[in-house]
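K.L.:
Quick note on numbering: the first sequence equals residues 2 to 887 in our numbering. Where a beta carbon is used, it is the ideal one built from N, C-alpha and C, also for glycine. Keep in mind it's a predicted model, so treat the numbers as computed, not measured.
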Amino acid sequence: MSNNEMPKAYEPGNIEKKWYPLWEERKYFHGSANKDKKPYSIVIPPPNVTGILTLGHVLNNTLQDILCRYHRMKGYEVSWFPGTDHAGIATEARVEKFLRKEENTGRDILGRDEFIRRVWEWKEKYGGTIIKQLRTLGSSCDWEKERFTMDAGLSDAVQKVFVELYNKGYIYRGQRMINWCPVAKSALSDEEVIYRDVPGKFYHFKYPLSDGSGFLVVATTRPETMFGDTAVAVNPEDERYKHLIGKTVNLPLCNRPIPIVGDQHADPTKGSGCVKITPAHDPNDFEVGKRHNLAIINIMNPDASLNDKCPEEFVGLDRFTARDLTVKRMEEAGLLIKIEDITHAVGYSERGEVPIETLVSYQWFCNMKELAKPAMEAVASGKIKFYPERWTKTYFHWMENIQDWCISRQIWWGHRIPAWYNRDNNDEIYVGPGKPDKPGRWEQEEDVLDTWFSSWLWPFSIMGWPEKTADLEYFYPTATLVTGPDIIFFWVARMIMAGCEFMKEIPFKNVYFTSIIRDEQGRKLSKSLGNSPDPLDVIDQYGADALRFSIIYIAPVGMDIKYSNEKCEIGRNFANKLWNACRFRRMQGDATLTFKALDTETLANLSDDEKWMLGKLDNLVESVQTYLKDFQFHSATHDIYELVWSEFCDWFIEAEKQPLRKGGTDKERAMKVLDYALYRILRVLHPFMPFITEELAHQMGFLGDDESIMFAEFPETDGLFAANREAIALADGKFDLVRAGRALKTNYNLADGRKVNFHLKAADDAKLAYLQANADSIIHLLNAAEVTISLADYDSAANGAAPSQLCDLGTIYLPLAGLIDVAEEKAKLEKQKAELEKWIAGTKAKLNNEKFVSKAPAQVVADTRSALAQNEEKLERTLSLLKDLG
RNA sequence: GGGCGAUUAGCUCAGUUGGUUAGAGCGUUUGCUUUACACGCAAAAUGUCGGGGGUUCGAGUCCCUCAUCGCCCACCA
2 MSNNEMPKAY EPGNIEKKWY PLWEERKYFH GSANKDKKPY SIVIPPPNVT GILTLGHVLN
62 NTLQDILCRY HRMKGYEVSW FPGTDHAGIA TEARVEKFLR KEENTGRDIL GRDEFIRRVW
122 EWKEKYGGTI IKQLRTLGSS CDWEKERFTM DAGLSDAVQK VFVELYNKGY IYRGQRMINW
182 CPVAKSALSD EEVIYRDVPG KFYHFKYPLS DGSGFLVVAT TRPETMFGDT AVAVNPEDER
242 YKHLIGKTVN LPLCNRPIPI VGDQHADPTK GSGCVKITPA HDPNDFEVGK RHNLAIINIM
302 NPDASLNDKC PEEFVGLDRF TARDLTVKRM EEAGLLIKIE DITHAVGYSE RGEVPIETLV
362 SYQWFCNMKE LAKPAMEAVA SGKIKFYPER WTKTYFHWME NIQDWCISRQ IWWGHRIPAW
422 YNRDNNDEIY VGPGKPDKPG RWEQEEDVLD TWFSSWLWPF SIMGWPEKTA DLEYFYPTAT
482 LVTGPDIIFF WVARMIMAGC EFMKEIPFKN VYFTSIIRDE QGRKLSKSLG NSPDPLDVID
542 QYGADALRFS IIYIAPVGMD IKYSNEKCEI GRNFANKLWN ACRFRRMQGD ATLTFKALDT
602 ETLANLSDDE KWMLGKLDNL VESVQTYLKD FQFHSATHDI YELVWSEFCD WFIEAEKQPL
662 RKGGTDKERA MKVLDYALYR ILRVLHPFMP FITEELAHQM GFLGDDESIM FAEFPETDGL
722 FAANREAIAL ADGKFDLVRA GRALKTNYNL ADGRKVNFHL KAADDAKLAY LQANADSIIH
782 LLNAAEVTIS LADYDSAANG AAPSQLCDLG TIYLPLAGLI DVAEEKAKLE KQKAELEKWI
842 AGTKAKLNNE KFVSKAPAQV VADTRSALAQ NEEKLERTLS LLKDLG
């Protein structure tokens, strides 16, 4: 292959499109039980089946892919289990919307069976887009194992778990206070409620005593719920009201007498000390109601409009309309005392833009207390480690206060609860995998289970549980879970509980919590804000490798990422740099084919620069492995970037141009070293940038057509760092010296291309020998005409002025004679010095004049001050240059 | 109310167990068609490490405190 087949700039598009299908065809991603290898497995956090790829997924899946590819290269048998989640409420809403729009039909028209059939149809046709998109990112998922949370096998797992927990007494059906979403018309778990601080009003009402002896004052933020009031509570110790306990008030607008009860819940120090009690719509009131045996009056329809338990003119009104009308009627009745503006936290439905309702309803619950115990122990003992570790605190806080989990949902898309009611026998309940074979009219529960009730089984259900599969035996428990901290309760904690309960074994050893991606202004990425870039467009523009590398490169550890597309230039430019380093090597000749291990002769004859480069690279190999062990992906990319760009390209390639130019054995050796180093770099980089590394490894002739870098051994230490510490320090010193020399040139406005002479005064005998041995290299790197090296100071008396710079290896001098007219330069500087001194003196006087400072516009004063500072600096530089000139 | 995190260059962020002169990328300035790369090369400028106090020979790093911002949880008749 000749060099002109490598374009000047790296073009990722076709190369990425070429490799991925090849990898997949060759089943490189597939893992199966293999006794000769150690297993390494990861389960993907299943994206919603309705989902499309977002930057969050990009980050998350890039990290998983890095781990998988790294371990594959380390010789593990790797399987990354992919799949999607049926996402009950979200998908049902999505398909419902689709059907309304396209066919003007929906749930209510189609009926349960047909609707579910249509959801499946939609899923087959439009679902799983994200799974295809993950391929463009380079994700090395074991696609043969792709699962869906509603697959038959996973449904079996869900049923088995439900029945088992029911039989253990953990799952029960009961009438409890729950969160109700009026849009989904379903119950939600506590975790699905999002609290937002919103402006609201606090209404103070009079509730007249039934005996006409006066009234009590109650306050509420929810006037419309008063139709569900079944008591007013006062504190039994409250001297103002204790004599009223047992009497009644007339509930306004309904004229229904309700009792005054004495209860601790009423706090005498708050408001009037009287509390209206609405057991059906407030968690505290529900408890009060239980204590006093109060009626529970649900006043709402499923869509949160008021029902027929309310006065006629309110029936059917939306809750917010009803609120206004209630207040109006109370005011008309002279029962409104005042309205205060307040800010309070209101619970919103996770999906909808609407406030949830708390109301009492019959639902299925799972008692989590016992399940939580081993799960807490698993993290406390360190069997499961969290990265960053601080999330354990959040985990324990939630687990220690864990509440019963409301698992039933009043929707159709999901796992239907395996419970049957005997309509002939007072709704006797049977729970089991199928309809009971017992007499009676048995009807299955209409409700389905919370989506997370299948997700929490994912790490083992995806491997075939409850069947005893080879995958389960070999790959469980998985190695690392990579996910966002926002689902620590929804998913992570529950998976740990499920693993401990049903597998008697933790589901993963590490949990790595990713950052949340925000836009440049720090806002969350969202569709409605339009600030959410489409990763496919980004990949199109910059390449998948560039996106992967950049997003890891900019991800601060454990904090939010501020992302913008321009940041992908980091990865794109880096890929281009690497491409051109390889292109340069190709221009020197064909691969040496000895790169896999340097032969002893080459090792014995390494130049100082080569020792330096191979030593630094060896050090990188070690540090990247350490970083990956600690999930410090960001540090790993920074170190690789620095080594490739600054050390390999800026210094080493430049230095190697010398031996390459010389030819003969020098050139041969240099090419071998370049090959050896490049192949090590490509392999270290492969987990991060899979496409370009595969392409280059082949372009460079490091691999045959039937080979892949995916299975090349990840570089281990070759001992060249430990062996060359001294050589590394010396070369670092040499490069410092070169840098100082270049700076001297720039200071005197000598163009890069201009060949000048330098003098080096070595710091000691050893350094003298080193500098002399490296004279050619130094001349080359400085682009110098001639460099004299000795232990002697530069003789400025004899040879004219020469500014110098002190370095570790010695002092570098730039003789100016012949380059610039010293006398003329000196005169120019003296003139400049005088002008500056005059200006500075005048300006200082001006600034010391209080009248100027106090009366001149602030901007003028500030400008004067900054100009002064600038000129003072300029003067300093001038003085320093004058000193150099002698 | 409880918890967690952040505050370092114009911007985005590194800074490992305290240890020479606090770093990078982007941006800015200057100069470069140097036998890979302008998606490039060389050089340069820029910091009260949020404020205050303390521990220490030594603090960006540890402790206390205050301030601001963000997130999570709980509560709110």
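Considering only residues of the segment 356-398, which uninterrupted alpha helix (DSSP H) runs meet the minimum length of 4 residues and lie entirely inside it, listed in chain order?
P.N.:
Here the runs fully enclosed are 370-381.
K.L.:
Let me confirm a value: GLY14 is counted as buried when at least 16 other C-beta atoms fall within 10 Å, else exposed. Which label applies?
P.N.:
Here residue 14 corresponds to residue number 13 of the first sequence, with the count starting at 1. Under this definition GLY14 is an exposed residue.
K.L.:
Are at least three pairs of beta-carbons, each pair with one atom in the segment 783-802 and one in the segment 710-723, less than 8 Å apart?
P.N.:
No: the two stretches stay apart, fewer than three of their Cβ pairs being nearer than 8 Å.
K.L.:
Take the Cβ of ASN620 as the centre, count every other Cβ of all protein chains shown within 10 Å, and call the residue buried at 16 or more, exposed below.
P.N.:
Along the first sequence, read from residue 1 onward, the residue named residue 620 stands at position 619. Flag for ASN620 reads buried.
K.L.:
With which residues is PHE206 paired in a DSSP beta bridge?
P.N.:
In the first sequence, residue 206 corresponds to position 205, counting from 1. In the DSSP output, where bridge partners are listed per residue, PHE206 has VAL219, LEU337.
K.L.:
Going by alpha carbons, who is nearest to GLY433 out of ALA818, ASN168, ASP66?
P.N.:
Position 432 of the first sequence, counted from the start, is the residue given in the question as residue 433. Per the Cα distances, ASN168.
K.L.:
Please report the distance separating the alpha-carbon of GLU225 from that of PHE163.
P.N.:
Along the first sequence, one-based indexing puts residue 225 at 224. Along the first sequence, one-based indexing puts residue 163 at 162. Computed Cα separation, rounded: 38 Å.
K.L.:
Does the contact criterion of 3 or more C-beta pairs under 8 Å hold for the segment 551-565 versus the segment 584-592?
P.N.:
With the cut-off at 8 Å, the segment 551-565 and the segment 584-592 do not touch.
K.L.:
Output the boundary residues of the alpha helix (DSSP H) element that contains GLN659.
P.N.:
Locating residue 659 in the first sequence gives position 658, where the first residue counts as 1. Start and end: 655-663.
K.L.:
Beta carbon of ASP610, beta carbon of ALA732: below 8 Å?
P.N.:
Translated into the one-based positions of the first sequence, residue 610 becomes position 609. Translated into the one-based positions of the first sequence, residue 732 becomes position 731. Cβ distance < 8 Å, so ASP610 and ALA732 count as in contact.
K.L.:
Which residue or residues does DSSP assign as beta-bridge partners of PRO40?
P.N.:
Working through the first sequence from its first residue, we reach residue 40 at position 39. For PRO40, which the question treats as bridged, DSSP gives the partners GLU78.
K.L.:
As an exercise, report each continuous alpha helix (DSSP H) stretch of at least 4 residues that is fully enclosed by the segment 543-593, in chain order.
P.N.:
545-554, 569-589, all fully within the segment 543-593.
K.L.:
On the DSSP letters alone, give me the boundaries of the alpha helix (DSSP H) that SER778 sits inside.
P.N.:
The residue given as residue 778 occupies position 777 in the first sequence. Counting along the chain, the alpha helix (DSSP H) containing SER778 begins and ends at 776-783.
K.L.:
Let me make sure I understand the geometry here. Which of TYR680, LEU318, ILE497, LEU360 has the alpha-carbon closest to that of ILE385?
P.N.:
The sequence position of residue 385 within the first sequence is 384, counting from 1. Of the listed residues, the one whose Cα sits closest to ILE385 is ILE497.
K.L.:
Under the assumption that PHE228 contacts PHE315 (Cβ atoms under 8 Å), give the Cβ distance between them as a whole number of angstroms.
P.N.:
Along the first sequence, one-based indexing puts residue 228 at 227. Along the first sequence, one-based indexing puts residue 315 at 314. Yes, they are in contact, since the Cβ atoms of PHE228 and PHE315 sit about 7 Å apart, within 8 Å.
K.L.:
Considering Cα atoms alone, identify which of GLU447, ALA494, ARG417 is closest to MET400.
P.N.:
As a working note, residue 400 is residue 399 in the first sequence. Nearest of GLU447, ALA494, ARG417 to MET400, Cα basis: ALA494.
K.L.:
Assuming HIS416 and SER455 form a contact by the criterion Cβ under 8 Å, report the distance between their Cβ atoms to the nearest whole angstrom.
P.N.:
Here residue 416 corresponds to residue number 415 of the first sequence, with the count starting at 1. Here residue 455 corresponds to residue number 454 of the first sequence, with the count starting at 1. So it is a contact: roughly 6 Å between Cβ atoms.
K.L.:
Between which residues of its own chain and LEU913 is the CB-CB distance below 6 Å, once the five residues before and five after are set aside?
P.N.:
Summary: the structure shown does not reach residue 913, with the chain confined to residues 2 through 887, and so no result is reported for it.
K.L.:
How about the segment 545-556 and the segment 8-25: do they share at least three Cβ pairs that are nearer than 8 Å?
P.N.:
Yes: the two stretches touch, three or more of their Cβ pairs being nearer than 8 Å.
K.L.:
Using 8 Å as the threshold, is the C-beta distance between PHE689 and THR638 below it?
P.N.:
Taking the first sequence and counting its residues from 1, the one referred to as residue 689 is at position 688. Taking the first sequence and counting its residues from 1, the one referred to as residue 638 is at position 637. Contact flag set, yes.
K.L.:
Please give the ranges of any alpha helix (DSSP H) in the segment 709-733, keeping only runs that are unbroken, at least 4 residues long and fully inside the region.
P.N.:
With a minimum length of 4 residues, the continuous alpha helix (DSSP H) runs that stay inside the segment 709-733 are 721-724.
K.L.:
Check whether the Cβ atoms of ALA232 and CYS407 lie closer than 8 Å to each other.
P.N.:
Walking along the first sequence from the start, residue 232 turns up at place 231. Walking along the first sequence from the start, residue 407 turns up at place 406. No; because the gap between Cβ atoms is not below 8 Å, this pair is not in contact.
K.L.:
Tell me, which residues are paired with GLU429 by DSSP?
P.N.:
As a working mapping, residue 429 is identified with position 428 in the first sequence. Per DSSP, ASN423.
K.L.:
Are the beta-carbon atoms belonging to THR515 and LEU138 less than 8 Å from one another?
P.N.:
For the purposes of this step, residue 515 is taken as the residue at position 514 of the first sequence. For the purposes of this step, residue 138 is taken as the residue at position 137 of the first sequence. Cβ distance not < 8 Å, so THR515 and LEU138 don't count as in contact.
K.L.:
With C-beta atoms as the reference, is VAL380 less than 8 Å away from ILE418?
P.N.:
On the first sequence, residue 380 is found 379 positions in, with the first residue counted as 1. On the first sequence, residue 418 is found 417 positions in, with the first residue counted as 1. No, the pair does not count as a contact, with Cβ atoms beyond the cut-off.
K.L.:
Just the Cα atoms here: how many angstroms apart are ALA678 and ILE43?
P.N.:
For the purposes of this step, residue 678 is taken as the residue at position 677 of the first sequence. For the purposes of this step, residue 43 is taken as the residue at position 42 of the first sequence. Computed Cα separation, rounded: 31 Å.
K.L.:
With distances taken Cα to Cα, identify the nearest neighbour of VAL739 among LEU815, TYR208, LYS39, ARG670.
P.N.:
For the purposes of this step, residue 739 is identified with residue 738 of the first sequence, where counting begins at 1. Of the candidates LEU815, TYR208, LYS39, ARG670, the one whose C-alpha sits nearest the C-alpha of VAL739 is LEU815.
K.L.:
Measure the C-alpha to C-alpha separation of ALA576 and TYR554 and round it to an integer number of angstroms.
P.N.:
By 1-based counting over the first sequence, the position of residue 576 is 575. By 1-based counting over the first sequence, the position of residue 554 is 553. If you take the alpha carbons of ALA576 and TYR554, they lie about 13 Å apart.
K.L.:
Give every residue of the same chain whose Cβ lies closer than 6 Å to the Cβ of ILE911, excluding the five residues on either side of it in the sequence, and list them in chain order.
P.N.:
No answer is possible for residue 911: the residues shown for the chain start at 2 and end at 887.
K.L.:
Quick check: what's the CA-CA separation for TRP646 versus CYS808?
P.N.:
Taking the first sequence and counting its residues from 1, the one referred to as residue 646 is at position 645. Taking the first sequence and counting its residues from 1, the one referred to as residue 808 is at position 807. Their Cα atoms are separated by approximately 24 Å.
K.L.:
Please confirm whether LYS38 and TYR77 have their CB atoms less than 8 Å apart.
P.N.:
Counting from one through the first sequence, the residue named residue 38 turns up at place 37. Counting from one through the first sequence, the residue named residue 77 turns up at place 76. Yes; because the gap between Cβ atoms is below 8 Å, this pair is in contact.
K.L.:
I need the boundaries of the alpha helix (DSSP H) containing HIS639, first residue and last residue.
P.N.:
For the purposes of this step, residue 639 is taken as residue 638 along the first sequence, with counting starting at 1. From DSSP, the alpha helix (DSSP H) with HIS639 extends over 634-643.
K.L.:
DSSP has GLY201 in a bridge; who is on the other side?
P.N.:
In the first sequence, the residue the question calls residue 201 occupies position 200. Looking at the DSSP assignment, GLY201 forms a beta bridge with ILE343.
K.L.:
Determine the burial state of VAL558: buried for a count of at least 16 other Cβ atoms within 10 Å of its Cβ, exposed for fewer.
P.N.:
Translated into positions along the first sequence, residue 558 becomes position 557. That one is exposed.
K.L.:
Label PHE712 either buried or exposed according to how many other C-beta atoms from any shown protein chain fall within 10 Å of its C-beta, with 16 as the threshold for buried.
P.N.:
Translated into positions along the first sequence, residue 712 becomes position 711. PHE712 comes out exposed.
K.L.:
For GLY465 and PRO40, what's the separation of their Cα atoms in angstroms?
P.N.:
Within the first sequence, the letter at position 464 stands for residue 465. Within the first sequence, the letter at position 39 stands for residue 40. One C-alpha to the other measures close to 17 Å.
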